[in-house]
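Quick notes on the structure that follows.
Number of protein chains: 2
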Amino acid sequence: MNSLTEENYLKALYNIGIDKGEVSVKELSENLGTKMPTVNSMIKKLADKKLVHYESYKPVTLTEKGKKEAGLIIRKHRLTEMFLVDKMNIGWEDVHDIAEQIEHIKSQIFFDKMDELLDFPSVDPHGSPIPDKQGKMIWKEYNKLSDCKVGDTVKLAAVINTSSDFLKYLNARDMRLGMKIKIKGIEQFDKTMEVSVGKRPSEMLSNVVSERLLVENL
Amino acid sequence: MNSLTEENYLKALYNIGIDKGEVSVKELSENLGTKMPTVNSMIKKLADKKLVHYESYKPVTLTEKGKKEAGLIIRKHRLTEMFLVDKMNIGWEDVHDIAEQIEHIKSQIFFDKMDELLDFPSVDPHGSPIPDKQGKMIWKEYNKLSDCKVGDTVKLAAVINTSSDFLKYLNARDMRLGMKIKIKGIEQFDKTMEVSVGKRPSEMLSNVVSERLLVENL
DNA sequence: TATATAAGTTAGGCGTATCTAACAAATTAA
DNA sequence: TTAATTTGTTAGATACGCCTAACTTATATA
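So the protein lines, in turn, are chains X and W.
In terms of this note's numbering, the first sequence is numbered consecutively and its last residue is 219.
In terms of this note's numbering, the second sequence is numbered consecutively and its last residue is 219.
See below:
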């Protein structure tokens, strides 16, 4: 069994390494808010447990075993987020911190019940995929809204960078997953987009925002 | 803020000392499964934090502050148990271990939502009172079934010693809180009771069982 | 390519929560 | 009331997860 700390390292390794596959000690250190020497020694411990591949002065990669365990923790995290939003009416901007704690609960039955009550969801409230019971996670083919062209009509599928502040920004503008977005114009200079969201006529989205929104083509 | 370990000590002190008011190092040690020297040093720490009254070689008592904090942890525990049973359909024999973990979650909103969704319950699934938001807990005037006389008709109000095995025993006999129990006879030798539960005609309950059942007079 | 900078590592220390072994006080029994 | 037993305490060690300071390797730059 892994400690709470080990679980957090695995999760961070999975999340940070999602694209490149490898993670530097520096990145991990910054992501966890833990100093490099601490991270260094923890990585050795994870390597002893065959959860990561590690060689001195090289970036770390998760082993298959590590990937699976990380995936299962993320599964519990996202299942929990979905439960908190759907079954407990907690705002999507508040669920991350709670799920961060509940994901470490040791109880098969608890998470199985959540899964069942939610009717086996495949995504969390922010549109991120929920890994399956084998810890396998598959991202659908989404595009950033910022990469879309004028005239495109898309559906808001997920949000990147699920900081509470960003989600509150979206709440204030009544923007939710599943909404249709029409791109009416793009200002070349700063990439501000003029869009029509749902049935509303027109509003402006800065590039900072449009880069954080993942959309699905319609 | 108290650590998870400190919270467990407070909770144990509250639960063990419920009648006598004071708790010996030995009792605490056995209850927590932690050796006496460890308990001894932890008590000193709690005393420094003004959570317990402590003098060498004397039993420990909770301060008002300690009582309140313990009460609030027990509140979270019991609210959680109720939520797990009522809203997640988890059996009452399984909820204790899960609640034991969830009670340490740091999130006001999470427990407030539970409370609200449960419509502000006053007892947990085992009939134990849920402390209020000030950590105050009041036990109703229940009697042990074993103290009742032949001819009494009572209602099953709570179970003492909520071990999973005992609860499974009750499940197997379809005995639930709220059921009416008529005492039809008591065998003097071993205090075995002949009772009628609900609409069922007659069954036997050993003293071991009847001592663990709290009832309310009708 | 030599050197300055960034990233990674080692050594040694700290606080928490735990333990065992040894000793002291309090309680019980002879 | 003395001795035996039980309970409580002190001392010293361990594992974990964290830190700073100092050093090493790798990378970037002049």
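Note that the Cβ used here is the ideal one computed from N, Cα and C, for glycine as well.
Within the model, the alpha-carbon separation for Ser147(X) versus Leu33(X) is close to 29 Å. Residue burial is scored here from C-beta neighbours: Pro202(W) has fewer than 16 other C-beta atoms within 10 angstroms and is therefore classed as exposed. The alpha-carbon of Phe111(X) is positioned some 7 Å away from that of Ile99(W). Around Met180(X), no beta-carbon contact reaches into chain W at under 9 Å, the shortest distance being about 26 Å. In this structure, Leu178(X) lies near Ala158(X), with their beta-carbon atoms less than 8 Å apart.
CA-CA distance, Ile75(W) to Lys12(W), rounds to 7 Å. Selection Ser197(X), Phe167(X), Asp166(X), Asp175(X) evaluated against Lys181(X) yields Ser197(X) as nearest (Cα-Cα). Annotation: Lys36(W) to Leu63(W) spans about 20 Å, alpha carbon to alpha carbon. Ile187(W) has its alpha-carbon roughly 10 Å from the corresponding atom of Gly152(W).
Unbroken beta strand (DSSP E) runs of no fewer than 3 residues, entirely contained in the segment 112-181 of chain X, are found at 154-160, following chain order. For Asp95(X), the nearest beta carbon of chain W is closer than 8 Å to its own beta carbon.
The C-beta distance from Pro132(W) to Gly72(W) rounds to 4 Å, short enough to fall under 8 Å. Sequence-distant partners of Glu8(W) (beyond 5 residues in either direction) whose C-beta falls short of 7 Å from its own C-beta, in its chain, are Ile74, His105. Classified as exposed, Ser123(W) has fewer than 16 neighbouring CB atoms from the shown chains inside 10 Å of its CB. Close partners of Ile110(W) in chain X (Cβ separation under 8 Å): Ile91, Asp95, Ile99. Of all residues in the segment 107-137 of chain W, only Lys107, Ser108, Ile110, Phe111, Lys114, Met115, Leu118 place a beta-carbon less than 8 Å from a beta-carbon of chain X.
Residue contact with chain W for Ile103(X): present (Cβ-Cβ distance below 8 Å to some residue of chain W).
Tyr58(W) sits exposed, since fewer than 16 C-beta atoms from the chains shown fall within 10 Å of its C-beta. Counting along the chain, no alpha helix (DSSP H) covers Leu52(X), and no H or E run does either.
Short of 6 Å from the beta carbon of Val40(X), and not among the five residues preceding or following it, lie these beta carbons of its own chain, in chain order: Val26, Leu29, Ser30.
Note on Arg174(X): under 16 other CB atoms within 10 angstroms of its CB, so exposed under the neighbour-count rule. For Phe190(X), the number of other beta carbons within 10 angstroms of its own is below 16, and it is reported as exposed.
Residue state for Gly186(X) is assigned as strand, using DSSP reduced to three classes.
Excluding sequence positions up to five before and after Glu94(W), its CB lies within less than 7 Å of the CB of Ser165, Leu168, Lys169, Asn172, all in the same chain and listed in chain order.
Your pair Lys66(X) and Lys51(X) checks out as a contact, with CB atoms roughly 6 Å apart and the cut at 8 Å.
Asn162(X) has its alpha-carbon roughly 26 Å from the corresponding atom of Ile44(X).
Taking the Cα positions, Ser42(X) is about 17 Å away from Glu23(X). Excluding the 5 residues flanking it on each side, Leu119(W) has same chain C-beta neighbours closer than 8 Å at Leu80, Met83, Phe84, Asp87, Lys88, in chain order.
In the displayed model, Asn3(X) falls within coil according to three-state DSSP, outside both helix and strand. Lys156(X) and Ile19(W) have their C-alpha atoms spaced approximately 58 Å apart.
Here Ser129(W) is buried: its Cβ has 16 or more other Cβ atoms, across all protein chains shown, within 10 Å. Beta-bridge annotation (DSSP): Asn218(W) is paired with Val155(W).
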